[in-house]
Amino acid sequence: MMKKMSISTSKTSLVLFLCQIISALDVPLDSKLLEELSQPPTITQQSPKDYIVDPRENIVIQCEAKGKPPPSFSWTRNGTHFDIDKDAQVTMKPNSGTLVINIMNGGKAEAYEGVYQCTARNERGAAISNNIVVRPSRSPLWTKEKLEPNHVREGDSLVLHCRPPVGLPPPIIFWMDNAFQRLPQSERVSQGLNGDLYFSNVQPEDTREDYICYARFNHTQTIQQKQPISVKVFSMDSLNDTIAANLSDTDIFGAKPVTERQPVLLTPTGSTSTKVELRGNVLLLECIAAGLPTPVIRWIKEGGELPANRTFFENFKKTLKIIDVSEADSGNYKCIARNALGSVHHVISVTVKAAPYWITAPRNLVLSPGEDGTLICRANGNPKPSISWLANGVPIAIAPEDPSRKVDGDTIIFSHVQERSSAVYQCNASNEYGYLLANAFVNVLAEPPRILTPANKLYQVIADSPALLDCAYFGSPKPEIEWFKGVKGSILRGNEYVFHDNGTLEIPVAQKNNAGTYTCVARNKLGKIQNEVQLEIKDPTMIIKQPEYKVIQRYGQVSFECIIKHDSTLLPTVTWLKDNDELPDDERFLVGKDNLTIMNVTDKDDGTYTCIVNTTLDSVSASAVLTVVAAPPTPAIIYARPNPPFDLELTGQLERSIDLSWLPGDENNSPITSFVIEFEDALHEPGVWRYQTEVPGSQTTAQLKLSPYVNYSFRVIAVNRIGRSQPSEPSEQYLTKSASPDENPANVQGIGSEPDNLVITWEPLKGFQSNGPGLQYKVSWRQKDVDDEWTSVIVANVSKYIVSGTPTFVPYEVKVQALNDLGYAPEPSEVIGHSGEDLPMVAPGNVQVHVINSTLAKVHWDPVPLKSVRGHLQGYKVYYWKVQSLSRRSRRHVEKKILTFRGNKTFGMLPGLEPYSSYKLNVRVVNGKGEGPASPDKVFKTPEGVPSSPSFLKITNPTLDSLTLEWGSPTHPNGVLTSYTLKFQPINNTHELGPLVEIRIPANESSLILKNLNYSTRYKFYFNAQTSVGSGSQITEEAVTIMDEVQPLYPRIRNVTTAAAETYANISWEYEGPDHANFYVEYGVAGSKEDWKKEIVNGSRSFFVLKGLTPGTAYKVRVGAEGLSGFRSSEDVFETGPAMASRQVDIATQGWFIGLMCAVALLILILLIVCFIRRNKGGKYPVKEKEDAHADPEIQPMKEDDGTFGEYSDAEDHKPLKKGSRTPSDRTVKKEDSDDSLVDYGEGVNGQFNEDGSFIGQYSGKKEKEPAEGNESSEAPSPVNAMNSFV
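The opening position of the sequence shown corresponds to residue 41 in my numbering, with each subsequent residue numbered one higher.
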């Protein structure tokens, strides 16, 4: 019966009257009624606004309309009347406004390009179509061009340009090979939105000669092909193999391997770009990057999240796709390309504009003479569209006057209309991105009531189900509907009945006493009419004896019962199913009147058997499971989770509640303790099951509370001590009726993002909370303590609305109310928000500094007025920086430091200051937008402090009774030095310390000779500096006086020298002593109290490279020997510096040059072999004379000045490396005079070493050159070109 009634309701919906406008009617689509009523024209079908046609076929421009009397049609072309009778190629279809332009018989489509508009007219008005722009499609040929082959080095990026011809509409681009197979694409190789083919890095397998770009023009069903593009990838490995096969071991050079590169964007270029997209369209953003390894692309939206359910990633995440964009999708979108070497990003600023879209489109009005009505035309867009009205296709300003009509912006108000007021009105909403045109007629009719429902219609309903009795009607003015029961019954009223606007009478729960005759009466001032219908209430069909679960042994007999009770006037049919399918065609299955018997049961009979009872109004079913088993011995008791419940049934359906019943499954020897009921909302969250309630295990029914506008399905889970069962099969679905929302959005906030706006955000309602279709939100706001009236706007199902043009940082009261097609949610609560912040206007005043000690100061300021903050006060920032040291009187790079003090604090401490220095500071107030102006700079000075340790202490020139001490002033004097203090004491062989001697030395001294010392005695020295504040940290050193004046016999390390660069330093020394000494290098920051760091020197070398140093830092260093108790050199101090200028490149060390020389040498070698073969055959060739005249080129060195061959000399190969050329790591060749100091080999502070400390190219004499491994000139020919020349 439910299915039957739903069909009836669907038919009735066709005759619903739209009574939302005062006295307005809608004419039902009843064919007999339509034949009798006059009606203005209505456009029912038209061609699209932008109509692209195939130039090879006839052009059909559609225009269909209905009306009473039938309308006539006319056309304009490019704004003027189009006389189709004067053009033999143009015809109009009979009883239609559709134009047919004959192109196939000699016409040219280009001649009929233009803007067309159709007008349908009858005696009650004129309706017009959209402006239809007709354009023939174009598929031009590809421009001829000469394509050069692409020669690319392995690992480099590559872009193959497609540049298709401009067509209408634009073509679809794809890349294929000669065999018409699509070229494979991946994260590394992909096609861009513009059709170009991008390679993030090329690989040898990319070599091919048939990269072909195709353009498909769908309108004309043609495909254009670009000339094939050739790509050849040069692999460095293959090049090395080729050269290695032709050269001797001593001449092979190393081609530069494939270099990994950090990402670089191929498209778009630059760091930022902009894009404008229209509301409702698909937003496509693209980022394609080059790099090795292949970069991975990631997308984020700055200051927000990518919209869920509308965001998709295509083309291996290189393309971000957002469908159905709205103004809320405006913002900055950042793509980040990343690989192991780094990352690059690009920001695309997206602005979403909007062509006009309807908020309220005008609706047809059917009025009675003397009635009032309105036509409302409301549209939105970005920019805001303008609204204009036309009457019967003519601008309303010049249309014939109608005293009943008044135009008020987007509304036309009709008062006391007459039949001559009938007309068709057009509303045009337009902005720069498009227009909307809507026709709406005003039809003034005077019609007595008519009832369209057939007389004496019979309705049959099952008891306890809803009954819907139709009374479709029409009349003008709109009739009033009344229902009576019986011929002389009283009018029906009360909660027992529901009266629908379309005249339908609903009895929500029909009972036996509701049966009988019902009369519908329709009346207006022109007359009255009535109609009778019959209602019969039937008893529901029930299964009073259901089939039960059976366990049967093989070859036994089993029977399932299905005894029913039904209404005597309904004829039931009983059907049995096995596993939801028909019973097997087997004589063992016997179907009786109220049972099913299975004879000689086998294993394949195992399954679920269902009894289904159907009548014309309802259907019921019941199932039972048959389990076929062998005759086993008595098994042990097994405890397990229960079997799932089954046979779920829904009864007592009401708007907000329903009864669910079920049968429990086998409890498997553990009693069921409870049932968990879950529900699925197939309308909003299909496939998601949520908790509904839980009932005790003894209960098999439950009354469930429901929400409106939810398509419910239920399932039940049984629980025992062992665990939970599998869920039951879902129940049948039950769709609750719609209602207005019960609740409003949560977490409503008002926070401005700009100084002149207020961003109102909220958490949208879940789907099942909407309670009905058309979920929207009414957003309201008003300035707190200023505005009395609320400003409101209704927005779609979004989570944000931006209010523009607000004052800066003022409080607002904000509320968001949910609504749907059925009404509003309860009045929402108000929250307080603030419009956007702006930068503070005023700087803090009266800034004062109190110096507490040499490293700490306290700063005070007056707070700024809260009104000038223009935002949430977050605190104050103090910027302070050192101007100069008062002791050195030298300025240095200004490094500003910042301290932030939260809240409304008016003071703060400045720690970590340097003593005896001049500082400046200023204070700024901070809000959520940023910082305000700075206060005037305040100057203050720190007092003296104790100095750092002397920068170095050297002890030299040991004699029998004296030592010479040299030192450097402290790196940080922290004041005016007053003196130095030297303390020393002897150390005996057992490392015991002797008496301590103290000497005070003037501050202007830098050396001292200590005399009257004991010979052959070790002394330990302590040295520090003083200011007027006190003594600084000390530096220590040890030294030994000699035994006699002869050459000392003990080993020693002297002449420690350093050559420092930006982050490393070369340390060299001279050693006198046993050959088997193992050295170590100790170093640390000069003046620091930290322990020395120790590095072991491999082997017995007399040099070492310290790496990982900090640029611009003073270091102390000393060298010691392992195994020699307490023996080490004196300290040396050096300072790291910035890197030297860019390096020069020597042509003699370039890879291409060496490759060319190797190729020449190989040619000469081949000639020598040929000569040798000819000579062995008896021919005469003066090889010996040639060799005497010109030595073998392979062993002749190149002159460094002009690249010609010099003379060979054995003597040069055995010369000691004293003043030969050294080749540093940048491959430049320099000649310098040198002594034994390692500094000269390293070229001063920029000397170059390998990481193990060895020289780079230190033995590169004039005999041969090493292959270049450094950076090569970009203009130099590559080794590949050299190889091509060779071949």
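Glycine included, C-beta positions come from ideal geometry on N, C-alpha and C.
A residue is called buried when at least 16 other Cβ atoms come within 10 angstroms of its Cβ; residue 577 meets this threshold and is buried. Comparing alpha-carbon positions, the option among 327, 542, 299 and 316 lying closest to residue 305 turns out to be 327.
By the Cβ test, the stretch 106-123 is not in contact with the stretch 192-211, since fewer than three Cβ pairs between them sit closer than 8 Å.
Residue 907: member of the alpha helix (DSSP H) spanning 906-909, first to last residue.
In this structure, residue 954 lies near residue 895, with their beta-carbon atoms less than 9 Å apart. Contact between the stretch 488-496 and the stretch 414-422 is not established, with fewer than three Cβ pairs separated by less than 8 Å. Judged by their CB atoms, residue 1173 and residue 1156 are nearer to each other than the 9 Å cut-off. In its chain, beyond the 5 residues on either side, 902 have a beta carbon closer than 6 Å to the beta carbon of residue 885.
Our two residues, residue 612 and residue 769, have alpha carbons roughly 26 Å apart in a direct line. In the structure shown, the three-state DSSP call for residue 1199 is helix.
Each of 600, 581 and 521 was checked against the Cα of residue 489, and the nearest Cα belongs to 521. Comparing alpha-carbon positions, the option among 114, 385 and 85 lying closest to residue 104 turns out to be 85.
In this structure, 1118 is the residue among 1118, 510 and 1006 with its C-alpha nearest to the C-alpha of residue 1139. For the pair residue 116 and residue 350, the Cα-to-Cα distance works out to about 42 Å. Going by beta carbons, residue 211 and residue 95 fall outside the 9 Å limit. Taking C-beta atoms under 8 Å as the contact rule, residue 752 and residue 774 qualify, at a distance of about 5 Å. For residue 599, the closest alpha carbon among the candidates 588, 1098 and 1196 is that of 588.
For residue 530, there is no enclosing beta strand (DSSP E), since its DSSP letter is neither H nor E. When DSSP states are grouped into helix, strand and coil, residue 1215 belongs to the helix group. Around the C-beta of residue 681, 16 or more other C-beta atoms lie within 10 Å, and the residue is accordingly described as buried.
Residue pairing by DSSP places residue 660 opposite 653 in a beta bridge.
With fewer than 16 other Cβ atoms inside 10 Å of its own Cβ, residue 831 counts as exposed.
Around the Cβ of residue 992, a 10 Å sphere holds 16 or more other Cβ atoms; the residue is buried. Scanning its chain for C-beta atoms nearer than 6 Å, with the 5 sequence neighbours on each side dropped, one finds around residue 182 the residues 205, 264 and 266, in chain order. The DSSP assignment places 445-448, 451-454, 463-471, 474-484 and 487-491 as complete runs of the beta strand (DSSP E) inside the stretch 427-497, in order along the chain (cut-off: 3 residues). A contact is defined here as three or more CB-CB pairs under 8 Å, and the stretch 330-342 meets this definition with respect to the stretch 238-247. Rounded to whole angstroms, the gap between the alpha carbons of residue 478 and residue 215 is 44 Å.
Counting only residues of its own chain and dropping the five nearest sequence neighbours on each side, residue 455 has a CB closer than 6 Å to the CB of 412 and 444. In terms of Cα proximity to residue 1015, the closest of 617, 620 and 926 is 926. One thing to note: residue 1005 has its Cβ no nearer than 9 Å to the Cβ of residue 1033. Counted as a single uninterrupted DSSP element, the beta strand (DSSP E) harbouring residue 583 occupies residues 582-585. Distance from the Cα of residue 318 is smallest, within the candidate group 1192, 423 and 226, for 423. Considering only 575, 826 and 745, the residue with the shortest C-alpha distance to residue 846 is 826. Per the coordinates, the alpha-carbon of residue 449 lies some 13 Å from the alpha-carbon of residue 430. DSSP places residue 1206 in the helix class (H, G or I) of the three-state scheme. Under the DSSP definition of a beta bridge, residue 1082 lacks any partner.
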